[in-house]
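For the sequence shown, the working numbering assigns the number 179 to the last residue and increments by one with no breaks. Input: a single structure, listed below in structure tokens.
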Amino acid sequence: REQWLTLDQSLAEVGRDIQGTRESVAALRRKVEKPAVVARPASVADDAIWKAYRSVDVPLGAFPEGGGKQVVFPIPSTVPDSAREILVYAQVATGYVEGGPHRFRVAVAPDGGREVSFYLYATGQSQAGWGYNSDNVWLPMPQNRQLVLQAEGKPFFGEWNSETRIIGYR
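Here is the structure:
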């Protein structure tokens with residue numbers, strides 16, 4: 010009889026522990042599932058440039074495979090002439106590919122002369138895995154409405170992909 014009593018007490022204790030764990034998990038779930046409130050400083054929230062930002066999704070195309078090749082994409086009319094800057098998203102993914110290190114350049118010529126650009130770096134190797142690099146960068150809106158993509162390095166041979174798109178303007 011004493012043995013049964015001890016087992017009942019142990020079982021009751023386990024039940025209390027389980028209930029406590031359930032309550033802890035429920036409290037954590039409530040914390041995690043609450044939407045995060047993002048507070049912006051008043052100076053940013055009242056900034057006319059912040060309010061003027063427009064989101065778009067304009068796919069342009071892929072980077073060339075390397076060897077210094079260059080491609081030029083026209084910026085479509087989805088982005089109005091009144092835009093002062095464009096937000097460019099660029100990504101490169103390499104899998105089982107030969108070609109070594111690459112420097113991918115994204116450039117515009119805002120006034121027809123000087124150039125503004127940014128670079129993504131990627132390395133192609135014979136490996137059973139994928140490597141990714143991407144960035145989002147604001148560039149000045151070029152008068153000639155052209156975005157230049159160039160790849161420096163031995164041309165990639167194998168599994169790889171890339172894309173560029175305009176995802177916003179202001």
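Heads up, the beta-carbon is just placed ideally off N, CA and C, and yes, glycines get one too.
Looking only at C-alpha atoms, which of the options sits nearest to residue i?
| i | options | result |
| --- | --- | --- |
| P73 | S19, V67, V101 | V101 |
| G77 | G162, A35, V115 | G162 |
| N170 | T15, T103, Q159, G122 | T103 |
| G177 | T30, E22, G29, I95 | I95 |
| E8 | L20, A71, V67 | Residue 8 cannot be examined here, being either before or after the span of the chain that is shown, 10 to 179. |
| V65 | I84, V88, V81 | V88 |
| N145 | G108, Y98, A131 | Y98 |
| S143 | F113, G122, Q134, P149 | F113 |
Under the rule that 16 or more other beta-carbon atoms within 10 Å means buried, what is residue i, buried or exposed?
| i | result |
| --- | --- |
| Y141 | exposed |
| I175 | buried |
| A160 | buried |
| A21 | exposed |
Counting along the chain, where does the beta strand (DSSP E) carrying residue i start and finish?
| i | result |
| --- | --- |
| R114 | 109-117 |
| Q136 | Where Q136 is concerned, there is no enclosing beta strand (DSSP E), given that its DSSP letter is neither H nor E. |
| V88 | Neither: V88 is in no beta strand (DSSP E) and is coded neither H nor E. |
| G6 | The displayed coordinates of the chain run from 10 to 179. Any statement about residue 6 would go beyond what the structure contains. |
| Q159 | 155-161 |
DSSP state of residue i, grouped into three classes?
| i | result |
| --- | --- |
| G194 | What the structure shows of the chain is the stretch from 10 to 179, and residue 194 is not part of that stretch, so it cannot be assessed. |
| V23 | helix |
| Q152 | coil |
Counting beta carbon pairs with one atom in the region 145-155 and one in the region 115-123, are three or more of them shorter than 8 Å?
yes
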